[in-house]
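Participant:
In the numbering used here, the protein residues as written are 67 to 514.
#1: Compute the distance between the beta-carbons of residue 402 and residue 426, then report whether it is under 9 Å.
#2: Could you give the C-beta distance for residue 363 and residue 284, rounded to a whole number, given that I count them as a contact under 8 Å?
#3: Pick helix, strand or coil for residue 332, following the three-state DSSP scheme.
#4: Would you mind stating whether residue 94 and residue 164 have Cβ atoms separated by less than 9 Å?
#5: What's the C-alpha gap between residue 301 and residue 428?
#6: Across the region 333-351 and the region 436-454, are there enough close Cβ pairs to call them in contact, namely three or more that are closer than 8 Å?
#7: I think residue 153 touches residue 183, with their Cβ atoms under 8 Å apart; what is that distance to the nearest whole Å?
#8: Would you mind listing the alpha helix (DSSP H) stretches within the region 91-174 that are 4+ residues and don't spill past its ends, in chain order?
#9: Could you work out which residue in 151, 139, 353 and 149 is closest to residue 170 when comparing CA atoms only?
#10: Tell me whether the beta-carbon of residue 397 lies closer than 9 Å to the beta-carbon of residue 437.
#11: Could you give the distance in angstroms between the alpha-carbon of residue 369 and the alpha-carbon of residue 361?
#12: Are the CB atoms of residue 351 and residue 387 within a distance shorter than 9 Å?
#13: Tell me whether the beta-carbon of residue 381 lies closer than 9 Å to the beta-carbon of residue 399.
#14: What are the start and end residues of the beta strand (DSSP E) that includes residue 286?
#15: Let's see if you can read the secondary structure: which residues bound the alpha helix (DSSP H) around residue 295?
#16: Under the three-state reduction of DSSP, which class applies to residue 550: helix, strand or coil?
#17: Check whether the Cβ atoms of residue 200 and residue 348 sit closer than 9 Å, and answer yes or no.
#18: Indicate the three-state DSSP secondary structure (helix, strand or coil) for residue 361 in the structure shown.
#19: In the DSSP assignment, find the unbroken beta strand (DSSP E) run with residue 486 in it and report its ends.
#20: Of the choices 408, 168, 191 and 392, whose alpha-carbon is the least far from that of residue 119?
#21: The alpha helix (DSSP H) with residue 209 in it runs from where to where?
#22: DSSP on residue 12, reduced to helix/strand/coil?
#23: Runs of 4 residues minimum, wholly inside the region 416-473: which ones carry the alpha helix (DSSP H) assignment?
#24: Quick one: Cα of residue 98 to Cα of residue 136, how far?
#25: Can you tell me the Cα-Cα spacing of residue 405 and residue 298, whole angstroms?
#26: Per DSSP, residue 323 is paired with what?
#27: Per DSSP, residue 401 is paired with what?
#28: Comparing C-alpha positions only, which one of 287, 91 and 146 sits nearest to residue 127?
#29: Is DSSP giving residue 352 helix, strand or coil here?
#30: Do residue 392 and residue 293 have their CB atoms nearer than 9 Å?
#31: Give a yes or no on whether the minimum CB-CB distance between residue 264 and chain B is below 9 Å.
#32: In whole angstroms, give me the CA-to-CA distance for residue 231 and residue 194.
#33: Quick check: the Cα distance between residue 442 and residue 109, rounded to an integer number of angstroms?
#34: Please report the residue range of the beta strand (DSSP E) in which residue 388 lies.
#35: Using a Cβ-Cβ cut-off of 6 Å (strictly less than) and excluding sequence neighbours within five positions of residue 275, which residues of its own chain qualify?
#36: My output table needs one value for residue 196: the three-state DSSP class, helix, strand or coil.
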């Protein structure tokens, strides 16, 4: 069998002797004035990797060029007929569109392609991968809820069946093996899932408060999917989490305590990877997972230095961080996989050199410098300060306990002397009791 790559002009190239697999698929993209062919080709390459992660194989990539999408099938009747012939002649049973489709568009396309061909879109494929990789109860519930809310309305049109969950790519889920045909049952299930997730969210907030009380800096490892975030956490903490050369190998966040060589303790959290064209509804569905970055004190952005598209990947990461409200924090940019780079190491002009590190999380190369810089960022964010509270104002000591890590307290006849590790906010609240100036006020040049 041959892989056929169609382009806008109708020509195609082939690659022979591809092994046959059960879930071969045709990938479909669309080029417009706003989305040129070069960008569509990059997106389809990524979609092909997503399909590989889901256990499938790309048989063909088809690109349609249209100034405006066709409201019925997106790619138009002529291209649909071409797609139908391709699937029929090569026994392809799955078509994946690189953009979201409405329920009616899926039904129309499936009617044109035939009952034996399944049609899914990019979001449905990503949800399928999430279902494959969710391991915790929280993750599985989030996946099932997102599937019910997004996928179920798009699974009409196969005879009397409402769902194809439980069969192949785009159909698996951690909850029910098949969506019930009774809509009322679906609504009850959605309500039940939302209630369970609300309880888990409260538990997560309690754990977050406990972490805050520990006073340990919280560092979130973020970045584009497959940049090496899980490998980084495994290298530092022996966390033992899955680290594969696949997209979205990690879905559930993992937090581990780590002690820097300089002696500072911190909490490291691995997070779900980002990806281009991550639909807004998926960002919303997995908000509780992404919140690990929102509530972190420091972000460690992992960048695949061996990826020629690393600048675009970084731009996507920073845009999504801004979208979820996690921007504006101290950031350490870590260029990973430097052992796979031939020639000059990559750089980003707008990034301060002192906030970057070049490493190989796989081999350990460059890790010492990265940890040294991370320690510098932490020490810049928190400092040890001695406070003296008059006995008549011991209530302020409670504020210190709530907002800082108290190292020691000495109760005297007239005063209480407390030594604590504080950030700028806590120091600002209690600076009148401080024995030393910890920071300069950059706004007016005066010491606090």
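Glycine included, each C-beta is placed from N, C-alpha and C at the ideal position.
Facilitator: According to the structure data:
#1: yes
#2: 5 Å
#3: strand
#4: yes
#5: 7 Å
#6: no
#7: 5 Å
#8: 103-119 and 143-155
#9: 139
#10: no
#11: 21 Å
#12: no
#13: no
#14: 284-289
#15: 295-303
#16: With the chain covering only 67 through 514, there is no way to say anything about residue 550.
#17: no
#18: coil
#19: 481-489
#20: 191
#21: 203-216
#22: Because residue 12 is not part of the residues shown, which for the chain are 67 to 514, the question remains open.
#23: 433-447 and 461-469
#24: 12 Å
#25: 14 Å
#26: 333
#27: 369 and 424
#28: 91
#29: coil
#30: no
#31: The structure shown contains no chain B; it holds only a single protein chain.
#32: With a pLDDT of only 45 at residue 231, under 50, the local geometry of the prediction cannot be trusted, and the value read off the model is given with reservation. In a straight line, the C-alpha of residue 231 is about 10 Å away from that of residue 194.
#33: 38 Å
#34: Segment 376-389 is the alpha helix (DSSP H) holding residue 388; no beta strand (DSSP E) there.
#35: none
#36: helix
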